[in-house]
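Quick notes on the structure that follows.
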Amino acid sequence: MEQAQQAKTTAVKGTDTAREVRALVKNIYRSAHEAKAEGKKVAYMMVASQYDEILRAMDIVPLPTENYAGLCAAKRDMDRFLLKAEADGYSQVLCSYARIGLGFDSLRKELGHIPEGSPDGGMPVPDMMLGSSAVCDPRFKWYQATSRYLEVPTYGIDVVAPPPQDDLNAVRDYYIQYQRDQLKGLIGFLEAQTGRKMDPDRLWECIRLGDKAWQLWYDIDRLRVAIPCPMPSQDHFSIMVAGHYYTGTQIAVDFYQKLYDEVKYKVDHKIGVIPDEKYRILYGGGLPPWHTLWIFNYFESFGAVFVIENVYRGYDPVEVPSFVKDPVDFLAWRAFLRFTRYHEKARSRSGNPIVEKLLDMIADYRIDGVVFHACRSCRATTIGQTHIKSELGKYSDLPMMQLVSDMVDLRDYSEAQWKAQIGAFMEALEGRSRG
Amino acid sequence: MTAPNSIEELYRERGSRARALHDAGEKVIGYFCCFVPDEILTAFGFVPFRIQGSQSEPIDEADALLEPMACPFARSCFNLALKGRYDFLDGFVAPHSCDTIERMYHIWHSNKPSPFNHLINVPHMLGPSSDSFFRKELEYFISRLEEFTGKKLDPGRLQDAIRIYNRRRFLLRELYGLRRESPPRVSGTEITKVLVAGMGIPAAEHIELIEAMIGEVKKRPAPAPDGLPRIFLWGNEIDDVAFVSLVEECGAHVVMDDLCTGSRFFWQDVSETGDPVEALAKRYLCTHCPRSLKPQAGDRKEDLENRFGYIREFIREWKADGAIFYIVRYCDTCELEGPDLKEYLTDLKLPVLMIEDDYSTSTIGQLRTRIQAFLEMIL
């Protein structure tokens, strides 16, 4: 039994539409190979960098390297890449997404071809690499290091957000100005790489598609307040592929429309993820354990369903002022509004936008307990979890738990320890429901 | 008291002078890293205090609030704060230098708030729009200080502060220059103490100490040739002599560095002409820290030269025989930069030893064998 569970990585999904995501993932890498064959430009890129629609508008095929690391983990084919990066001198505590990417590129260079049996056919050599400072430090530094293995034009942009204590009226203009300058710099770089000017009308169209998809995604998540839960977090970690890797395309819009219809049907007919939903869990933060996503089903065996999550989420819709007429200005404004969405609320209570967002989720989704995942090699999503737990404790008496491993490096994971922790957590939930 | 004795005392009793100044009614502002301009704080009449950790004290209280996979230097600083060691601070300023410092700012602010708290956003990208943005961030920082103090910034005092800190930079470069000799008359251990001692006192007092130290060193007789290798140190935070002393005890001279606590924070002057805030923005943003990204320049070889050319000059002028990297664990940008710099220095035929450590004197002894083996290889 234990061995059978170890071999399994993926989770049983709650929705039929989520099961279609695998094809979307395969298509990311197939499209990149096809694009290379057709002479189109392919770019290594980082999700949530606020430049997705620009790439689509310029016919640049995105190749998300972080996603590839997650895919390798889900396929339990990460060790050869991690070990290669470590043999090349990268620390075992460095972001494991980056280690997989560096290890893959190193092996591909050494072999002269894509490592045999790489998940989904592996990644082709890109024409360029586009880093960004959105979310964390390795995301702008990783591609600079990758130039050790492949010499292609590389560009990085800043994605900035003011701290919650700042007076937004005082900083808004220059934050947006800087974001605009950074995006325009990127467009200049892409125009030089492609030899074509960016068409503002196409960019507007991609923005329209992007916003439409994200609105649908938001609406789906709002449907998830229903009891019983119509779509669990393990589905979220699949369906996010459309929103993050197909941003600005009709594919994403169609996918979320279909998913919306299915989730709506389940809500209308009170069809839950499991027959007897006893506890509603919030995935409070931290990258998902791609190597062990079945753990969500393990929780379900105790009647606990993860109903909402705070990572790899779509952004809440924001209202960009109508006087913004330029698409790049729009992207800069939208980024600022997205990142400051909870600032005012934070200033009036906890001081922390994440705490405010989680408290909203706890209330809206009628949460019974909160689980965080601390990843040993991800500082960006892990540092602060303990603090957030403690802050949440000031406003809520829910049981909370922090599981520790890594997003892809299995060496940091202990199934026995997790099961013991989960058992204790379930007892706390049960005690609270009785009490 | 002689300069070395004063420095030794300030080094050992960290924070003692700043605490005394606070007790006497002065306002002390604590800050992290190399991106907060001392000049602005000084112009407002504050005593700038660069927050340090303690490699010799275990991190015991911070782990309850800050994850152990965060940079141990940052955790150590926060640990000291929780123990009340920084209660004399009248303000706390953090730059968004890296993920850990930025996230820790919020945790620190929430658990140990000071009368004044501020986070300065620092662009990771380098270029004209980054300079403009950082200038605006500094202007906003100034406006927050004006609000806190109830007085406007005096441009004359800012210019004076720039001149004072440039004077300190000049003297520190002169002190570093004394290690060009072979063998040097001043050790890496002594210089580390001079730097750390100066992090918690007013610049004018530090300047007096450096001047006295330079005078004292110049009077020392030239040591006899010893044939020991000359080492260049690269990494992040070394605010304790334990590691530098270990390298020197193993039979080497630490002659030059590129560290957050070393040349990185003082090497370049601030321009004394033109707009002072713009000059500060340009100067502080070009600090050579792996957390900043220079635009790609040419092919791999040209790009490495563009990124690390200044280190080539350090190596040449200080005649380094080998380089030791001391990376405080969990520093992602250093962990990614290290292999690139190693490649660059190896191309220059310079032997490199890359060490990742826990910012703790209790583990430093384990490094002795590795350092000895490296030094033997150089010889």
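Note that the protein sequences, when read in sequence, are chains X and W.
Counting from 1, one number per residue, gives the positions in the first sequence under the numbering used here.
Counting from 1, one number per residue, gives the positions in the second sequence under the numbering used here.
Ideal placement from N, C-alpha and C gives every residue a C-beta, glycine not left out.
6 Å CB neighbourhood of X:A346 in its chain, flanking five on each side removed: By one-based count along the first sequence, residue 346 of chain X stands at place 346. Hits under 6 Å: P164, N352, P353, E356.
W:K112 CB to nearest chain X CB: under 8 Å? Here residue 112 of chain W is taken as the residue at index 112 of the second sequence, counted from 1. Not closer than 8 Å to any Cβ of chain X, the Cβ of W:K112 fails to qualify, so no.
Check whether the stretch 57-75 of chain W and the stretch 98-112 of chain W are in contact - that is, three or more C-beta pairs closer than 8 Å. yes
Measuring alpha carbon to alpha carbon, tell me which residue in W:P223, W:F243, W:D258, W:T149 is nearest W:R173. If you number the second sequence from 1, residue 173 of chain W lands on position 173. Among W:P223, W:F243, W:D258, W:T149, the Cα nearest to that of W:R173 is on W:D258.
Going by Cα to Cα distance, which pick from X:R334, X:N310, X:E20 is closest to X:V320? In the first sequence, residue 320 of chain X corresponds to position 320, counting from 1. With distances taken between Cα atoms, X:V320 lies closest to X:R334.
Note down the Cα distance separating W:R19 from X:K394, rounded to an integer number of angstroms. Against the second sequence, residue 19 of chain W aligns to sequence position 19. Against the first sequence, residue 394 of chain X aligns to sequence position 394. W:R19 and X:K394: Cα-Cα distance of roughly 33 Å.
Whole angstroms are fine: how far does the CA of W:F116 sit from the CA of W:D87? Numbered from its first residue, the second sequence carries residue 87 of chain W at position 87. Numbered from its first residue, the second sequence carries residue 116 of chain W at position 116. Rounded to the nearest angstrom, the two C-alpha atoms are 13 Å apart.
So W:P339 contacts chain X; which residues on that side make the cut at Cβ distance below 8 Å? By 1-based counting over the second sequence, the position of residue 339 of chain W is 339. D88, G89, Y90, A145, R148, listed in chain order.
W:K152 CB to nearest chain X CB: under 8 Å? Along the second sequence, read from residue 1 onward, the residue named residue 152 of chain W stands at position 152. Judged by the 8 Å Cβ criterion, W:K152 is not in contact with chain X.
How about X:D368: is its C-beta nearer than 8 Å to some C-beta of chain W? The count along the first sequence starts at 1 and reaches residue 368 of chain X at position 368. With 8 Å as the cut-off, X:D368 does not count as an interface residue toward chain W.
Residues bridged to X:V355 (per DSSP): Locating residue 355 of chain X in the first sequence gives position 355, counting from the first residue. None; X:V355 has no bridge partner.
Rounded to a whole number of angstroms, what is the C-alpha to C-alpha distance between X:R280 and X:R202? As a first step, residue 280 of chain X must be located in the first sequence, where it is residue number 280. As a first step, residue 202 of chain X must be located in the first sequence, where it is residue number 202. Going by the C-alpha atoms only, they are around 42 Å apart.
Would the beta-carbon of X:L82 fall within 8 Å of that of X:S96? The residue given as residue 82 of chain X occupies position 82 in the first sequence. The residue given as residue 96 of chain X occupies position 96 in the first sequence. Yes; because the gap between Cβ atoms is below 8 Å, this pair is in contact.
Does the stretch 285-295 of chain W come into contact with the stretch 347-357 of chain W, if we say contact requires no fewer than three beta-carbon pairs (one atom in each stretch) closer than 8 Å? no
Short CB-CB distance (under 8 Å) between X:L410 and chain W: Within the first sequence, residue 410 of chain X is the residue found at index 410, counting from 1. Taking Cβ atoms only, chain W never reaches closer than 8 Å to X:L410, which makes this a no.
At a CB distance below 8 Å, what residues from the stretch 292-324 of chain W approach chain X? Give them in sequence order. L293, P295, Q296, D299, R300, D303
Please say whether X:L183 and X:L331 have beta carbons closer to each other than 8 Å? The residue given as residue 331 of chain X occupies position 331 in the first sequence. The residue given as residue 183 of chain X occupies position 183 in the first sequence. Closer than 8 Å, so yes.
The beta strand (DSSP E) that contains W:I238, what's its start and end? To locate residue 238 of chain W, count along the second sequence from 1; it is residue 238. Counting along the chain, W:I238 falls outside any beta strand (DSSP E), and DSSP gives it neither H nor E.
Under the three-state reduction of DSSP, which class applies to W:G251: helix, strand or coil? Mapped onto the second sequence, residue 251 of chain W falls at position 251. Of the three classes helix, strand and coil, the one that applies to W:G251 here is coil, per DSSP.
Check for me: the beta strand (DSSP E) holding X:D285 runs from which residue to which? In the first sequence, counting from the first residue as 1, residue 285 of chain X sits at position 285. Note that residue 285 of chain X is Gly in the sequence shown here, rather than Asp. Counting along the chain, the beta strand (DSSP E) containing X:G285 begins and ends at 279-285.
Which of helix, strand or coil DSSP assigns to X:C72: As a working note, residue 72 of chain X is residue 72 in the first sequence. If DSSP states are grouped into helix, strand and coil, X:C72 belongs with the helices.
Under 8 Å: do the stretch 270-277 of chain W and the stretch 44-60 of chain W share three or more Cβ pairs, one atom per stretch? no
Skipping 5 residues on each side, what residues in its chain have a beta carbon closer than 6 Å to that of W:D321? For the purposes of this step, residue 321 of chain W is taken as the residue at position 321 of the second sequence. These residues qualify, in order along the chain: P229, R230, I378.
Quick one: measure Cβ to Cβ for W:G200 and W:F49, integer angstroms, because I've assumed they're closer than 8 Å. Within the second sequence, numbered from 1, the residue matching residue 200 of chain W stands at position 200. Within the second sequence, numbered from 1, the residue matching residue 49 of chain W stands at position 49. Indeed, because the Cβ distance is near 5 Å, the residues count as touching under 8 Å.
Close Cβ partners of X:I114 (< 6 Å) along its chain, the five nearest in sequence each way excluded: On the first sequence, position 114 is the one that residue 114 of chain X refers to. Within the same chain, X:I114 has close Cβ partners R108, G122.
Of all Cβ atoms in chain X, is any one closer than 8 Å to the Cβ of W:A70? On the second sequence, position 70 is the one that residue 70 of chain W refers to. Judged by the 8 Å Cβ criterion, W:A70 is in contact with chain X.
Within 8 Å (strictly less), CB to CB, does X:D158 reach chain W? For the purposes of this step, residue 158 of chain X is taken as residue 158 along the first sequence, with counting starting at 1. Cβ-Cβ to chain W under 8 Å: yes for X:D158.
If distances are taken between C-alpha atoms only, which option among W:I101, W:P95, W:R168, W:F170 comes closest to W:F141? As a position in the second sequence, residue 141 of chain W is number 141, starting the count at 1. The residue with the shortest Cα to Cα distance from W:F141 is W:P95.
Determine the closest residue to X:L412 out of X:C378, X:K389, X:L392, X:A424, with distance taken between C-alpha atoms. On the first sequence, residue 412 of chain X is found 412 positions in, with the first residue counted as 1. With the sequence shown as reference, residue 412 of chain X is identified as Asp, and Leu is not the correct amino acid for it. Residue X:C378 is the option with its Cα nearest to X:D412.
Whose C-beta lies closer than 7 Å to the C-beta of W:R17 among residues of the same chain, with five residues either side of it excluded? On the second sequence, position 17 is the one that residue 17 of chain W refers to. Closer than 7 Å at Cβ, skipping near neighbours: L10, G200, I201.
W:L336 by DSSP, collapsed to three states: which one? Residue mapping note: residue 336 of chain W aligns to position 336 of the second sequence, counting from 1. In this structure, W:L336 counts as helix in the three-state DSSP scheme.
Would you give the residue range spanned by the alpha helix (DSSP H) that X:R366 belongs to? As a first step, residue 366 of chain X must be located in the first sequence, where it is residue number 366. Neither: X:R366 is in no alpha helix (DSSP H) and is coded neither H nor E.
Since W:H118 is in the beta strand (DSSP E), which residue starts that stretch and which ends it? Here residue 118 of chain W corresponds to residue number 118 of the second sequence, with the count starting at 1. Taken as a continuous stretch (DSSP letters only), the beta strand (DSSP E) holding W:H118 covers 116-120.
Put X:A523 into one of helix, strand or coil per three-state DSSP. No information on residue 523 of chain X is available, as it lies outside the stretch 1 to 435 that chain X covers here.
Contacts of X:E151 in chain W (Cβ-Cβ under 7 Å): Locating residue 151 of chain X in the first sequence gives position 151, counting from the first residue. Correct list: D299, R300.
Judging by CA-CA distance, which residue of W:R220, W:F148, W:F265, W:G365 is the nearest neighbour of W:V196? Here residue 196 of chain W refers to the residue found at position 196 when the second sequence is read from its first residue. Selected option, being the one with the closest Cα: W:F265.
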